[in-house]
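Worksheet for the structure shown next.
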Amino acid sequence: MLFKIGFCQFKPALLEKEKNIAKMCSLVDEIQADLIVFPELCTSGYVFCEKSEVQEFADDFESSKTTRLFTELSQKNNTAYVIGFPEKHDRKLYNSSMLINPDGTKHLYRKIHLFNEEKQWFAPGDLGFNVHQTKYGVLVGQMICFDWIFPEAARTLMLKGAQIIAHPANLVLPWCQKAMITRSLENRVYTITCNRTGTEVNQDKEFYFTGMSQVVSPLGEVLCDADKIEERVVVFEIDIESADDKQITKYNNILEDRIPEFYKY
Ligand code: ACM
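Residue 450 is where the sequence shown ends in the working numbering, and the numbering goes up by one at each step.
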């Protein structure tokens with residue numbers, strides 16, 4: 186089955202949620218796709234100096250206006266979206282992403298491996314790595330940015346049946362895009378890494394984000410990508426069943442050849 190996937194790479198404005206959401210809606214307006222991934226924390230920006238800043242722009246997943254707006258957008262465009270956002274729940278803050286499907290179903294992931302100062306604002310995710318259905322029953326797993334450096338994240342999603350890994354990011358280090366080629370290859374899944382662009386300044390802090398969002402095939406091919414700075418939606422039509430083929434050679438299958446008893450320590 187052909188399935189159209191992609192990403193919306195852009196530069197969120199720090200602490201300007203309404204402006205960011207309006208920009209996201211206009212960037213994907215009239216884009217024909219089945220699944221589009223947005224960057225990590227793209228409703229709020231990334232470079233926080235105080236926990237109160239996160240608190241002010243965080244949303245409750247179940248009941249927020251933000252969730253409602255993206256649900257309406259998903260229905261209008263008949264496209265599923267994965268969106269990184271700051272979440273508030275039970276007096277805690279999480280660096281989360283939501284999978285919003287056009288049929289109104291929605292699924293939450295809370296970032297497990299927090300990067301650097303994120304540990305000052307967010308609690309580590311407590312929901313595990315999970316796989317959910319999107320359009321036509323296609324199976325999508327979510328992980329966020331720095332989760333890439335822990336191969337167990339993508340491996341767990343593959344073992345739970347993911348055909349596509351949706352990976353919102355705010356990358357500042359130079360290695361992830363290359364590493365995600367390996368994550369795709371070693372798990373034989375599609376990966377969509379959506380990074381943000383631009384420089385963000387808050388008080389004395391300045392971060393430069395590296396763009397270069399990409400879609401990678403189960404054979405490790407970069408099917409489409411963006412450059413370091415452009416704000417752009419890119420979509421690519423894939424054959425989803427190729428993520429179910431775990432055979433490498435006549436004698437090798439990446440699921441059957443695993444020997445978990447030797448992976449214990
Ligand atoms: C990152 O996890 N935002 C680098």
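Beta carbons are placed, not taken as given, at the ideal position from N, Cα and C, and that holds for glycine. Here the structure is a predicted model, which means the values were calculated and not measured.
### R340 versus F314, G322, L324 and P353, residue with shortest Cα-Cα distance
If you number the sequence shown from 1, residue 340 lands on position 155. Taking only the C-alpha atoms, the option nearest R340 is F314.
### Candidates S282, Q305, W306 and R373, of which the one nearest D332 by Cα
Within the sequence shown, numbered from 1, the residue matching residue 332 stands at position 147. Of the listed residues, the one whose Cα sits closest to D332 is S282.
### Message
Using the Cβ count rule (16 or more neighbours within 10 Å means buried), how would you classify T252?
### Response
Along the sequence shown, read from residue 1 onward, the residue named residue 252 stands at position 67. Buried is the call here.
### Task
Taking the CB atoms as reference points, tell me whether F307 and I268 lie closer together than 8 Å.
Taking the first residue of the sequence shown as 1, we reach residue 307 at position 122. Taking the first residue of the sequence shown as 1, we reach residue 268 at position 83. No. Outside cutoff.
### Query
With distances taken from CA atoms, which of S249, K236 and C193 is nearest E225?
For the purposes of this step, residue 225 is taken as the residue at position 40 of the sequence shown. Comparing Cα-Cα distances from E225 to each of S249, K236 and C193, the minimum goes to C193.
### Query
Does DSSP classify I414 as helix, strand or coil?
By 1-based counting over the sequence shown, the position of residue 414 is 229. Here I414 sits in coil by DSSP.
#### Entry: Simplified DSSP state of D243, which is helix, strand or coil
Translated into the one-based positions of the sequence shown, residue 243 becomes position 58. The sequence shown places Ala at residue 243, rather than the Asp named in the question. Note: A243 maps to coil in three-state DSSP.
### Query
Below 8 Å between beta carbons: does that hold for S229 and K202?
The residue labelled residue 229 in the question sits at position 44 within the sequence shown. The residue labelled residue 202 in the question sits at position 17 within the sequence shown. Their beta carbons are under 8 Å apart, which means S229 touches K202 by this criterion.
### Message
Once the 5 residues before and after V239 are set aside, which same chain residues still bring their CB inside 8 Å of it?
### Response
In the sequence shown, the residue the question calls residue 239 occupies position 54. Once the five neighbours on either side are set aside, the close Cβ partners of V239 are S229, F233, P271, L278, W306 and F307.
### Message
Can you give me the C-alpha to C-alpha distance between Y450 and V401, rounded to a whole angstrom?
### Response
Within the sequence shown, residue 450 is the residue found at index 265, counting from 1. Within the sequence shown, residue 401 is the residue found at index 216, counting from 1. Between Y450 and V401, the C-alpha separation is close to 32 Å.
### Message
Could you compute how far the alpha carbon of D275 sits from the alpha carbon of D244?
### Response
Working through the sequence shown from its first residue, we reach residue 275 at position 90. Working through the sequence shown from its first residue, we reach residue 244 at position 59. Looking at the two C-alpha atoms, the distance is approximately 12 Å.
### Helix, strand or coil at D219 [DSSP, three-state]
For the purposes of this step, residue 219 is identified with residue 34 of the sequence shown, where counting begins at 1. Three-state DSSP puts D219 in coil, outside helix and strand.
#### Entry: Residue span of the alpha helix (DSSP H) that contains E203, given as start and end
In the sequence shown, residue 203 corresponds to position 18, counting from 1. K202 to V213 is the span of the alpha helix (DSSP H), which, as asked, contains E203.
#### Entry: DSSP bridge partner residues for S282 (one or two, in chain order)
Your numbering for residue 282 matches position 97 in the sequence shown. Answer is G269 and Y294, bridged to S282.
### Message
Using CA atoms only, rank isn't needed, just tell me which of S259, V323 and N355 is closest to M186.
### Response
Here residue 186 refers to the residue found at position 1 of the sequence shown. Comparing Cα-Cα distances from M186 to each of S259, V323 and N355, the minimum goes to V323.
### R373 to P353 span [Cα, whole Å]
Here residue 373 refers to the residue found at position 188 of the sequence shown. Here residue 353 refers to the residue found at position 168 of the sequence shown. Rounded to the nearest angstrom, the two C-alpha atoms are 19 Å apart.
### The alpha helix (DSSP H) enclosing A338, as first and last residue numbers
For the purposes of this step, residue 338 is taken as residue 153 along the sequence shown, with counting starting at 1. Its alpha helix (DSSP H) spans residues P336 to L344.
### Query
Any heavy atom of ligand 1 closer than 7 Å to the Cβ of C227?
Position 42 of the sequence shown holds residue 227. No; taking the cut-off as 7 Å, the Cβ of C227 has no heavy atom of ligand 1 nearer than that.
### Task
Could you tell me whether the region 285-303 touches the region 396-414, where touching means 3 or more Cβ pairs closer than 8 Å?
no
### Query
What are the partner residues of Q305, as DSSP defines its beta bridges?
Your numbering for residue 305 matches position 120 in the sequence shown. In the DSSP output, where bridge partners are listed per residue, Q305 has none listed.
### Task
Can you give me the Cβ contacts of T376 inside the same chain, cut-off strictly under 7 Å, excluding the 5 residues immediately before and after it?
The count along the sequence shown starts at 1 and reaches residue 376 at position 191. Closer than 7 Å at the Cβ level, and outside the excluded window around T376, lie I350, H352, M365, R368, S369 and V401.
### Query
Can you list, in chain order, the residues of its chain whose CB lies under 6 Å from that of D430, leaving out five sequence neighbours each side?
Position 245 of the sequence shown, counted from the start, is the residue given in the question as residue 430. Once the five neighbours on either side are set aside, D430 has no close Cβ partner at all.
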